[in-house]
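Chains A and B are the protein sequences, given in the same order. Heads up: take any position in the first sequence, counting from 1, add 204, and you land on this note's numbering. Heads up: take any position in the second sequence, counting from 1, add 788, and you land on this note's numbering. Think of the CB as a built atom: it goes at the ideal place given N, C-alpha and C, for glycine as much as any other residue. Notes follow once the structure below has been shown.
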Amino acid sequence: MNEEHRLPMEDVGRLVDLLRESGLGEIQVRRGDLEITVKAGHEAPVAQPAPRVEAQPEPETEDPERNGLHAVRSPLVGTFYRAPAPGEEVYVEVGDRVEPGQTLCIVEAMKLMNEIPADISGEVVEIPVGDAQGVEYDQPLIYLRPGG
Amino acid sequence: MAIFPDREAIELLGNPLARRVEAHDEVGSTQERARELARAGAPHGTLVVSRVQTGGRGRLGREWGSPPGGLWMSLVLRPDIELDHASRVTLAAAVGVAKTLRGIGIEAHIKWPNDLLVGGRKICGILAAGAPPGRGEKTFRPEFVILGVGLNANLSPSDLGVSPETAATVSSELGSEVDLLGLLDSLLSHLNAELQRVEDFAAVLDDWRAFNCTLGKRVRVEKPGRTLEGLALDLTSEGALVLESGGEVIELHEGDVEHLRF
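Pasting the structure below:
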């Protein structure tokens, strides 16, 4: 490998140390064409016994996925709908148990109503998007607690 | 009134989009029936038509009048495209319907994204529903797409229970009824040709632009919870509407578009 293209691992190591000591979330340095970014990772969640369904404690963090929840994400840009049509029953409510393949919601783009299915079995814990709101690619639509 | 074609006659057309046909005298909704068939494994090119729909629906469950004389149909498609390209199907279908109507002498225009208008009056509506597979990757292919087309054929606008200023029909434009089987044959052929080239979407969009009546106009777009007004500038490469509104340029992926006359 050409000397120019070798990764300066010593420098990266120093940056990682600096990141830890500083408590910052991210450090970025640039030298010529080389740019190095180091980001603070998340601590692995501590294993806990499965929580009971009722009387949920407040989540420990604001990121539901760090609390063991599974995000069903939007595969495209569009508008999120909870029901097949206005006034009709919603596909799912918080607390419902769902199976893989079960339709959870719709994302519409250019008059194509895309049914979005559950990809795992579990319980609907949170629906972070309001009905008829615009959603971006990969945005979490429904959080499931895996299991069942 | 022209006779409504039966299953054998439609299958004899040999059209790739009518490999399997269900022709009903009356059905709740061709879209729902096609969805049932798709879920049960119906192949690409399964066609459901009905002389009458008792519960025809448009976008967001809006009632869609479907008396005798119309071409009310839904197709089961199993397109080989990524889900984030699946909405190309609805714009491609609009181009196919526009070519069908122009082929019989009706100067139809497309209102974004896929309504067909004649002189500002709606003659055909298109709606699609896609079902992605249950266990997908981040990008994945829809298991099937149900493409619904409601074409006002041998009807008078009053049959639809709407004002003649808002609806147009094939027979009222031509001054005579058309053979529904021939119209269906032409429609399926044009739809098939457009669907075959969704991977070459720029070419479909060129035709869309040639037939459209939205771009360059001031429009009002009703979206749930808000209304936007602005100038329709162009389409993105995926067919989203680019709107200039209040000094901002916005991309729209859905919404009801009204053309403003000033």
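Measure the alpha-carbon distance for A:V294 versus B:R847 and round it to whole angstroms. Their backbone Cα atoms lie some 16 Å apart in a straight line.
Look up B:E851 in the DSSP assignment and give the residues it is bridged to. DSSP lists B:R845 as the bridge partner or partners of B:E851.
Compute the distance between the beta-carbons of B:H1047 and B:V1007, then report whether it is under 8 Å. Yes.
Comparing alpha-carbon positions, which option in A:G338, A:E327, A:M317 and A:A289 lies nearest A:A275? It is A:E327 whose Cα lies nearest to the Cα of A:A275.
Per the DSSP calculation, A:P290 is bridged to which residue(s)? Beta bridge pairing from DSSP links A:P290 with no other residue.
So which residues on chain A does B:I914 lean against when the C-beta distance must stay under 8 Å? Per Cβ cutoff of 8 Å: K315.
Reduced DSSP secondary structure (H/G/I, E/B, other) of A:E344: Before going further, note that residue 344 of chain A is Pro rather than Glu in the sequence given. DSSP places A:P344 in strand when its eight states are reduced to three.
Return the CA-CA distance between A:T307 and A:P350, expressed in angstroms with no decimal places. CA-to-CA, the gap between A:T307 and A:P350 works out to about 16 Å.
Residues of chain B with CB closer than 7 Å to the CB of A:E312, please, in chain order. Under the 7 Å cutoff, chain B gives E1042.
A:I331 burial status per 10 Å Cβ neighbour count (16 or more: buried): The residue is buried, with at least 16 neighbouring Cβ atoms inside 10 Å.
Kindly give me the distance between the Cβ atoms of A:K315 and B:N902, rounded to whole angstroms, as I take these residues to be in contact under 8 Å. About 6 Å separates the Cβ atoms of A:K315 and B:N902, confirming a contact at the 8 Å cut-off.
Count the C-beta pairs between the stretch 927-937 of chain B and the stretch 903-919 of chain B that are closer than 8 Å, then say yes if the count reaches three, no if not. Counting Cβ pairs under 8 Å, three or more are found: they touch.
Which value, in whole angstroms, describes the spacing of the CA atoms of B:R823 and B:G963? Their backbone Cα atoms lie some 35 Å apart in a straight line.
Name the DSSP bridge partner or partners of B:V1045? In DSSP, B:V1045 forms a bridge with B:V1009.
DSSP state of B:K910 mapped onto helix, strand, coil: Strand, per DSSP.
Under the three-state DSSP convention, the category B:I798 falls into: It is helical.
Bridge-paired residues (DSSP) for B:A896: Paired residues: none, contrary to the question.
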